[in-house]
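Numbering (our numbering), first residue to last: 4 to 57. Just so it is clear, CB atoms sit at the ideal spot from N, CA and C, and this is done for glycine as well. A quick write-up on the structure given underneath.
Here's what the structure looks like:
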């Protein structure tokens with residue numbers, strides 16, 4: 004896999020985590036913190052959201 008593709012996918016994960024965090028918390032600080040975690044926060048949100056529906 005190309006190094007540039009890896010950098011882009013990490014950046015997309017960071018931005019997606021920040022958008023999800025902002026939508027959920029309406030806090031810039033929390034959005035920045037969750038942006039640092041990137042894909043880990045996106046997966047956490049997805050798993051947590053599935054459990055909320057049950």
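Given residue i as reference, the closest of the options once Cα atoms are compared
i	options	result
residue 40	25, 16 and 31	16
Proximity below 9 Å, CB of residue i to CB of residue j
i	j	result
residue 48	residue 13	no
residue 42	residue 19	yes
Which runs of the alpha helix (DSSP H) spanning at least 4 residues fall entirely within the stretch 13 to 49, listed in chain order? 31 to 40
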